[in-house]
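Trainee: What follows is a structure written as structure tokens; I'll ask about it next.
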Amino acid sequence: MSNPTITRFAPSPTGYIHVGNLRTALMNYMIARKAGGTFILRIDDTDPERSKEEYVDGIKEDLTWLGLHWDRVERQSERLDQYHAAAEELREKGRFYEAFETPVELDLKRKKQLNMGKPPVYDRAALALSDAEKDKLRAERGAGVWRFKLDQQRIEWDDGILGDISIDAASVSDPVLIRGDGQILYTLASVVDDTEMGVTHVVRGSDHVTNTATQIQIMQALGAGALPKFAHHSLLTGPKGEALSKRLGTLALRDLRAQGIQPFALLSLMARLGSSDPVELRTNMAELIEGFDINHFGSAPTKFDVQDLFPLTGRYLQALPLDAVADTIADLGVPADKAAQFWAVTHENIETLNDLKVWWAMFRDGADPVIEDGDEEFIADAMKMLPDMPFDGSTWGAWTTAVKEATGRKGRGLFRPLRLALTGQEHGPEMAAVMPLLQTVKARR
């Protein structure tokens, strides 16, 4: 019997989830759900200075908004004993050593290596230190960092997206796993957690490929059994291929939510973006998961344009029944007896629910009329023929017929100026349906 599928999403609570994080979370979630497995939310909060509880709450809030429900939560700050035990095991096996170089000294070493045409890899000078020399350095500089001693051989795995990967460990610096102040770093904590929690699949960004290589050796040094299946998805860029990293702060999920983006619009895009499968609006999680295959994703940088989310949101909203938006409409102040009519008129002319506020303001307060050059006299005469309120479903037809007979105008020359005068918009819902909702006509004043 095969082992159950277990995946994890391990955000650091140093900020809110953005679209880049979401891609990682969603892929891991769908792999677990498709296999009937377990999805773990693992909070990487080993940095006490930068980790904030408000971000932990925000991460949970954003995932819940999207419907990405976890099976259990783990906090790395509550597992420090396990990490220290693993560190001690690595020391006993001769795979962990203390190093004392300052950042300035390391930078000088890197520059010297680059000038010599060599890869900027840590030279392992700390391995040659005697106990007395270490004691002296500790007295002068305080505790050193702890580095994992890599076996300098090729590290290979079959990546779920990138294919066969082979990295020469000799071209990689021995990774620092514990800082001088004693803080456990991500690489060690992640290895211990993935091993002890039985994680079977690890999906993350392609910027973690080198991390994966070192983590494989750490897992093996700690006696892990079967390694997880690794997959590294492409990184997102802006719509023109520009780096997205500087903009991620403006692409936080809570900001998208505030703009009116609907969860399934976002999920539908992110579940297929960068794959060979077309992006199609899905309205339930089962459909998203059913068509998901990690092997369909490519390695090339993936263009993301936030503007693509608005038409998807609009299509999602347009299919909703009145009861799904009734509370939103009521909050706008739309009278209960007008709610069904208001939704029927507006639902095909919105991209987000925020647009409903604009429509209701226009119906309630009247639109600023748009009167083009040459139409001033025509509109003035037409407004004199506009019946008194309240309007009904026959008002538009009766009024335009009367205006046509009085002015001789017809077709576009008749209907377009009248629509612009009443709504300020060239396009929109059928005017016969709009008229009963109008409570003020500014062009009449």
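In this text, residue positions in the sequence shown follow my numbering: the first is 4, and each later residue adds one. The beta carbon of each residue, even a glycine, is placed where N, CA and C say it ideally should be.
Return the chain-ordered list of same chain residues with a C-beta closer than 6 Å to the C-beta of residue 124, the five sequence neighbours on each side being excluded.
Mentor: Here residue 124 corresponds to residue number 121 of the sequence shown, with the count starting at 1. Here the set comprises 176.
Trainee: Just the C-alpha distance for residue 169 and residue 159, rounded to the nearest angstrom, thanks.
Mentor: As a working note, residue 169 is residue 166 in the sequence shown. As a working note, residue 159 is residue 156 in the sequence shown. Those two C-alpha atoms are separated by around 4 Å.
Trainee: Do residue 182 and residue 191 have their C-beta atoms within less than 8 Å of each other?
Mentor: Residue numbering aside, residue 182 sits at position 179 when the sequence shown is read from its first letter. Residue numbering aside, residue 191 sits at position 188 when the sequence shown is read from its first letter. Against a cut-off of 8 Å, the Cβ pair of residue 191 and residue 182 comes out as no contact.
Trainee: Once you ignore the five residues that flank residue 264 on each side, which residues in its own chain have a CB closer than 6 Å to its CB?
Mentor: Within the sequence shown, residue 264 is the residue found at index 261, counting from 1. Answer for residue 264: 312 and 316, listed in chain order.
Trainee: Taking the Cβ atom as the reference point for each residue, do residue 406 and residue 388 lie within a distance shorter than 8 Å?
Mentor: As a working mapping, residue 406 is identified with position 403 in the sequence shown. As a working mapping, residue 388 is identified with position 385 in the sequence shown. In this structure, residue 388 lies closer than 8 Å to residue 406 by Cβ.
Trainee: Apart from the five residues on each side of it in sequence, which residues of its chain come closer than 8 Å, Cβ to Cβ, to residue 431?
Mentor: Numbered from 1 along the sequence shown, position 428 holds the residue referred to as residue 431. Only 352, 422 and 437 meet the Cβ criterion.
Trainee: Based on the DSSP secondary-structure assignment, which residues constitute the bridge partners of residue 46?
Mentor: Taking the sequence shown and counting its residues from 1, one reaches residue 46 at position 43. According to DSSP, which records beta bridges pairwise, residue 46 is partnered with 78.
Trainee: Between residue 218 and residue 266, what straight-line distance do the alpha-carbon atoms span, to the nearest angstrom?
Mentor: Start at 1 with the first residue of the sequence shown, and residue 218 comes out as number 215. Start at 1 with the first residue of the sequence shown, and residue 266 comes out as number 263. When rounded, the distance between both Cα atoms is 34 Å.
Trainee: Taking 8 Å as the threshold (C-beta atoms), are residue 255 and residue 43 in contact?
Mentor: What you label residue 43 is simply residue 40 of the sequence shown in a count that begins at 1. What you label residue 255 is simply residue 252 of the sequence shown in a count that begins at 1. Cβ atoms of residue 43 and residue 255: not closer than 8 Å.
Trainee: What is the C-beta distance between residue 196 and residue 82, in whole angstroms, given that I count them as a contact (C-beta under 8 Å)?
Mentor: Here residue 196 refers to the residue found at position 193 when the sequence shown is read from its first residue. Here residue 82 refers to the residue found at position 79 when the sequence shown is read from its first residue. Yes, residue 196 and residue 82 are in contact; Cβ-Cβ is about 7 Å, under 8 Å.
Trainee: Give every residue of the same chain whose Cβ lies closer than 7 Å to the Cβ of residue 112, excluding the five residues on either side of it in the sequence, and list them in chain order.
Mentor: By 1-based counting over the sequence shown, the position of residue 112 is 109. Cβ neighbours of residue 112 beyond the five flanking positions: 126.
Trainee: Could you name the residues of the same chain whose beta carbon sits closer than 6 Å to that of residue 216, not counting the 5 residues immediately before and after it, in chain order?
Mentor: As a working note, residue 216 is residue 213 in the sequence shown. Result list for residue 216: 158 and 170, in chain order.
Trainee: Starting from the N-terminal side, write out each stretch of the beta strand (DSSP E) that is 3 residues or longer and does not extend beyond the stretch 232-263.
Mentor: Segments of the beta strand (DSSP E) lying fully in the stretch 232-263: 232-236.
Trainee: So the candidates are 17, 66, 67 and 110; which of them puts its Cα closest to the Cα of residue 51?
Mentor: Numbered from its first residue, the sequence shown carries residue 51 at position 48. Ranking the options by Cα distance to residue 51, first place goes to 17.
Trainee: Hey, is the stretch 327-342 in contact with the stretch 357-365, meaning 3+ C-beta pairs nearer than 8 Å?
Mentor: yes
Trainee: Residue range of the beta strand (DSSP E) that residue 104 falls in?
Mentor: Start at 1 with the first residue of the sequence shown, and residue 104 comes out as number 101. Run containing residue 104: none; DSSP gives neither H nor E here.
Trainee: Express the C-alpha separation of residue 303 and residue 450 in angstroms, rounding to a whole number.
Mentor: Because the chain spans 4 through 448 in this model, residue 450 falls outside it and cannot be assessed.
Trainee: What's the C-alpha gap between residue 428 and residue 420?
Mentor: Residue 428 sits at position 425 when you count from the first residue of the sequence shown. Residue 420 sits at position 417 when you count from the first residue of the sequence shown. Residue 428 and residue 420: Cα-Cα distance of roughly 10 Å.
Trainee: Distance check for residue 30 and residue 298, CA to CA, integer angstroms please.
Mentor: Numbered from 1 along the sequence shown, position 295 holds the residue referred to as residue 298. Numbered from 1 along the sequence shown, position 27 holds the residue referred to as residue 30. Straight-line Cα distance between these residues: approximately 11 Å.
Trainee: Would you kindly work out how many angstroms separate the C-alpha atoms of residue 114 and residue 309, rounded to a whole number?
Mentor: Locating residue 114 in the sequence shown gives position 111, where the first residue counts as 1. Locating residue 309 in the sequence shown gives position 306, where the first residue counts as 1. One C-alpha to the other measures close to 40 Å.
Trainee: Could you give the DSSP three-state label for residue 212: helix, strand or coil?
Mentor: Taking the sequence shown and counting its residues from 1, the one referred to as residue 212 is at position 209. Reduced to three states, the DSSP call for residue 212 is helix.
Trainee: What residue does the beta strand (DSSP E) around residue 176 start on, and which one ends it?
Mentor: Numbered from its first residue, the sequence shown carries residue 176 at position 173. Looking at the DSSP string, residue 176 is not in any beta strand (DSSP E), and its letter there is neither H nor E.
Trainee: Curious, which full-length alpha helix (DSSP H) runs of at least 4 residues does the stretch 321-396 contain?
Mentor: 325-334, 342-349, 357-368 and 379-388
Trainee: Take residue 292 and list the residues in its own chain whose beta-carbon comes closer than 8 Å to its own, dropping the five residues that flank it on each side.
Mentor: On the sequence shown, position 289 is the one that residue 292 refers to. Excluding positions up to five away in sequence, the list reads 33, 36 and 37.
Trainee: One question on the structure: do residue 399 and residue 435 come within less than 8 Å of each other, judged by their Cβ atoms?
Mentor: Here residue 399 is taken as the residue at index 396 of the sequence shown, counted from 1. Here residue 435 is taken as the residue at index 432 of the sequence shown, counted from 1. Yes, the pair counts as a contact, with Cβ atoms nearer than the cut-off.
Trainee: Can you name the start and end residues of the beta strand (DSSP E) that residue 12 belongs to?
Mentor: If you number the sequence shown from 1, residue 12 lands on position 9. 9-12 is the span of the beta strand (DSSP E), which, as asked, contains residue 12.
Trainee: Between residue 41 and the rest of its own chain, which residues show a CB-CB distance below 8 Å, the 5 nearest in sequence each way excluded?
Mentor: As a working note, residue 41 is residue 38 in the sequence shown. For residue 41, where only same-chain residues beyond five positions count, the Cβ hits under 8 Å are 7, 8, 9, 10, 35, 74 and 75.
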